[in-house]
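Beneath this line is the structure, given in structure tokens, with notes to follow.
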Amino acid sequence: MNFTRLYFAKAFDKIIFVGLSNAFVCDISLYHHKFCVMKKLWAISFVFTTSTAVAQVNDSTQQEMNLRDKVLNEIQHVFQQKTRSIDSTVISLDQRLSMLDKSIAASKDVKDKADKLAERLQAIEEKQKAIEANELNLFQANYQSALVNLVSMDREIKPLMLFNSTKAFFNSLSETGNPMNYDGYTKWYNQYAAFVKEKKAESPVLTVTNNLLNFAGNFTKGAPVTGPITSALFSSMTSYIDNLGKKEKALKAQSEEMLTLTMKISQFNYDNERIETEWEAITTELQDLQKKFDKTLKENLAILKITPADFEAKFSKENDAEKRYQYLTMLRDKAAQFVATERDQNPKEWRQKAYIQMNDVQSLKQRFGQVTFRISQNLLKYKELFEKYKNDPQLGSRIRDLEIKMKELQESFDKTFDPLEYINSANRMYKV
């Protein structure tokens, strides 16, 4: 897949997966999540589009990939042409030197030998120039490839690849972890909360529970079933059941069932939170990579003496594919000229600037591949979570529904991203 600039959407309760470029290098994806209080439960959902919109995004991103690959293939073609020409020159000069060496060794005439020695020296100088030209050709091609992949990331991220199934999955996941969504629970919970309020003065546990429920009510409309609050919650629920009269058998049975459900959901949220914690770490990594991308792009535009405004107008916001191709070609030529100028003006350290930028771009690509891999592995953890609860009589039906949505999400992700290929292609990025 091929999206390219880093993009962060701080969307309410939303995650966005964004793929990045995969030409000579790797790509990646991207997402964001919102902290949802009910302890520290990360409620995640993806921004989503219709099937038609997704198809349009696929067409757009394929066009961008074709455009980038076209320019990269041209860089490869020019590099190979020059390499063949230089190799041919070096072979010819080696043959010439070999003949001169034999001629010099066989010559008895001092003047003839001196002329051939001078000719030999000239051939050595020409060979050295050819070797230097080959090194220049290599550096030019590598820096051109780095630059094209870097700027393509800016363009390709804009038609975001969004998944239809994602919103449904994460919404259902959040609903499964909220007992208020289960039949009869809200009415029962209100009865229990009223009991706690009425009897709070009779028990320290009920006093604490009442205070905690009032506190929880400030940030969630659901029962707070995760975190340290659950100890007081479960204890007070037990007290509520114990206080029910003998004639209230049906309510007592229901209360025991609701307490059991509360405990199961609490454990489910605890298990799920172990998965959600990784999203926080991934978000932090992506934020850091966003800053790194912006910095690297800014540095390279400055190197080529291109203003951000010019780049944005003529490439980022340009919709005409031919004009974008022409702009990429211009950037490619400027990159080659920069390397050549550096060699002429700074012969001792001419490789330094281009080499630093090449490493930065490659590092960016590798890190994206690694984050994509982490996302893929974190998605797989839901399979283990659902396996644990799918046969439960109270949670099972919701979990099985989640399994279907998760399968759709995983398939969408796998079709869009190939983390290992991203990492491998980043390692193969440059010619050596």
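In our numbering, the protein residues as written are 3 to 434.
No residue lacks a Cβ here, since even glycine has one placed at the ideal position from N, Cα and C.
#1: Measuring alpha carbon to alpha carbon, tell me which of Phe236, Asn271, Asp114 ends up nearest Glu177.
#2: Return helix, strand or coil for Gly229, following the three-state DSSP convention.
#3: Hey, how far is the Cα of Leu246 from the Cα of Met182?
#4: Give the DSSP-derived three-state secondary structure of Asp117 in the structure shown.
#5: At the level of alpha carbons, what is the spacing between Ser237 and Gln412?
#6: So, Val92 versus Ala125, is the Cβ gap smaller than 7 Å?
#7: Is it buried or exposed, Gln97, if we count other Cβ atoms within 10 angstroms and call 16 or more buried?
#8: Just reading off the alpha helix (DSSP H) that Gln269 is part of, what are its end residues?
#9: If you follow the alpha helix (DSSP H) that Asn426 is in, where does it begin and where does it stop?
#10: When you compare only the Cα positions, how much space is there between Asp244 and Thr286?
#11: Look at the alpha carbon of Ala428 and the alpha carbon of Lys84, and state the distance between them as a whole number of angstroms.
#12: Taking its Cβ as the centre, do 16 or more other Cβ atoms sit within 10 Å of Thr309, making it buried, or is it exposed?
#13: Thr418: buried (16+ other C-beta within 10 angstroms of its C-beta) or exposed?
#14: What is the DSSP secondary structure of Asn348, reduced to helix, strand or coil?
#15: So, helix, strand or coil for Gly398, using DSSP?
#16: With DSSP collapsed to three states, give me the class of Arg353.
#17: Expressed to the nearest angstrom, what Euclidean distance is found between the alpha-carbon atoms of Lys483 and Ala315?
#18: The alpha helix (DSSP H) spanning Phe313 covers which residue range?
#19: Quick one: using the 10 Å Cβ neighbour count with 16 as the cut-off for buried, is Gly21 buried or exposed?
#20: Quick one: any contact between the segment 395–414 and the segment 292–302, if contact means 3 or more CB pairs under 8 Å?
#21: Counting Cβ pairs, one atom from each stretch, are 3 or more of them under 8 Å apart for the segment 147–154 and the segment 351–368?
#22: Could you check how far apart the C-beta atoms of Leu291 and Phe370 are, in whole angstroms? I think they sit under 8 Å.
#23: Taking the C-alpha atoms as reference points, what is the distance between Asp312 and Val73?
#24: Applying the 10 Å Cβ sphere with the 16-neighbour rule, what's the burial state of Ala143?
#25: Between Ser414, Asn139, Arg345, Asp71, which has its C-alpha nearest Arg86's C-alpha?
#26: Which value, in whole angstroms, describes the spacing of the CA atoms of Thr374 and Pro421?
#27: Return yes when the Cβ of Glu128 is within less than 7 Å of the Cβ of Leu99, no when it is not.
#28: How would you label Lys319, buried or exposed, when you count the other beta carbons within 10 angstroms and need 16 or more for buried?
#29: How far does the alpha helix (DSSP H) with Phe197 in it reach, from first residue to last?
Quick answer:
#1: Asn271
#2: coil
#3: 22 Å
#4: helix
#5: 40 Å
#6: no
#7: exposed
#8: 251–305
#9: 421–429
#10: 47 Å
#11: 24 Å
#12: exposed
#13: buried
#14: coil
#15: helix
#16: coil
#17: No answer is possible for residue 483: the residues shown for the chain start at 3 and end at 434.
#18: 310–313
#19: Here the model assigns Gly21 a pLDDT of 36, short of 50, so the residue's position is not dependable, and the following value carries that caveat. Gly21 is buried by the Cβ-count criterion.
#20: no
#21: yes
#22: 7 Å
#23: 20 Å
#24: buried
#25: Asn139
#26: 5 Å
#27: no
#28: exposed
#29: 187–201
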